[in-house]
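Engineer: In this note's numbering, the protein residues as written are 208 to 380.
I have a structure here, written as C-alpha cells, and I will follow up with some questions on it.
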Amino acid sequence: MGDKEHHVHFSGSIGLGKDNNIMIQPQRHGQIDAHLGFLQLHHRYHLEFSIPWNLCTHKDRGGTAPAIIAGNHNPNCHIIDLAQEKEGLRLKVELLAYKEKVLKEEVQLMCCKAGTPLHVQLNARVLGKDKGTPMLRNGIRSVAVERSNEDEVLGTTLRASLNLQSQQNPNKF
Numbered sequence: 208m209g210d211k212e213h214h215v216h217f218s219g220s221i222g223l224g225k226d227n228n229i230m231i232q233p234q235r236h237g238q239i240d241a242h243l244g245f246l247q248l249h250h251r252y253h254l255e256f257s258i259p260w261n262l263c264t265h266k267d268r269g270g271t272a273p274a275i276i277a278g279n280h281n282p283n284c285h286i287i288d289l290a291q292e293k294e295g296l297r298l299k300v301e302l303l304a305y306k307e308k309v310l311k312e313e314v315q316l317m318c319c320k321a322g323t324p325l326h327v328q329l330n331a332r333v334l335g336k337d338k339g340t341p342m343l344r345n346g347i348r349s350v351a352v353e354r355s356n357e358d359e360v361l362g363t364t365l366r367a368s369l370n371l372q373s374q375q376n377p378n379k380f
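This is the structure in C-alpha cells:
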C-alpha cells in the first residue's frame with residue numbers, strides 16, 4: 208500500500224431516502240398510519256403533522272365544513288388542535304408513551320357531522336428506562352415527564368426506610 212492514503216468518499220447528492228419527518232402512510236379507505244419513530248417511556252409529547260384531507264361539500268348550501276374531532280377522549284392520546292391548510296389538515300396531538308416496545312394509539316376525525324370517520328393510527332417504538340435517549344423526529348416535542356408507578360413505589364420505600372432509620376438512631380439524622 209505504501210504512501211497512498213485510502214479514504215471512502217460519499218457524494219453529497221446521494222441520499223439514503225430517509226428524512227427525520229413523521230411518516231404518513233395512507234392505508235385502506237378511512238385509515239392513515241403515522242409512524243413516529245422512537246419515543247421514551249413515561250414522556251408526554253406534542254406531535255404536529257399534516258395529513259391529506261378533503262373537506263365535505265354540503266349539497267344544500269354548496270359550502271364546506273371544517274373537520275371535527277370524533278371518537279372518545281383518551282387521556283393517553285388526544286387531538287389538541289386542528290387547522291385547515293392548503294394541502295391538508297394540520298393536527299396537533301398529545302401523546303403519552305405509557306408502555307415499552309410498540310405503542311399504537313388512534314385518533315379519529317370527521318369531515319363533518321354526517322361524514323365517516325378518518326382513523327389516524329399513531330405508531331411508535333418506546334424505549335424503556337435506561338435504554339437511551341431517542342432522537343425525536345421533526346414535529347415531535349417532549350413536553351413533560353410523568354412519574355411512573357415504579358418511581359412512586361421506590362420513593363415510598365425509600366421514605367419509609369429513612370423514617371425507620373431516624374427513629375432507631377435519632378441522633379444521627
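Ideal Cβ placement from N, Cα and C applies to all residues, glycine included.
#1: Look at the Cβ atom of G335, then the Cβ atom of L243, and state whether they are nearer than 8 Å.
#2: Sort Y252, I286, K308 and I275 by Cα distance to K320 and report the nearest one.
#3: Which residues share a DSSP beta bridge with E301?
#4: Rounded to the nearest angstrom, what separates N228 and R344 at their Cα positions?
#5: In the structure shown, what three-state DSSP assignment does N228 receive?
#6: Nearest-angstrom Cα distance between V328 and Q238?
#7: For Q232, which residues of its own chain have a beta-carbon under 6 Å away from its beta-carbon, when the five flanking residues on both sides are left out?
#8: Answer yes or no: do S349 and R297 have a C-beta to C-beta separation smaller than 8 Å?
#9: What's the C-alpha gap between M230 and L289?
#10: What are the boundary residues of the beta strand (DSSP E) that L405 is part of?
Structural biologist: In brief:
#1: no
#2: I275
#3: H253 and H285
#4: Distance between N228 and R344, taken at the CA atoms: about 5 Å.
#5: strand
#6: The question names Val, but residue 328 is Gln in the sequence shown. Spanning the two alpha carbons is a distance of roughly 8 Å.
#7: D240
#8: no
#9: 19 Å
#10: In the structure as shown, the chain starts at 208 and stops at 380, and residue 405 therefore has no counterpart that could be examined.
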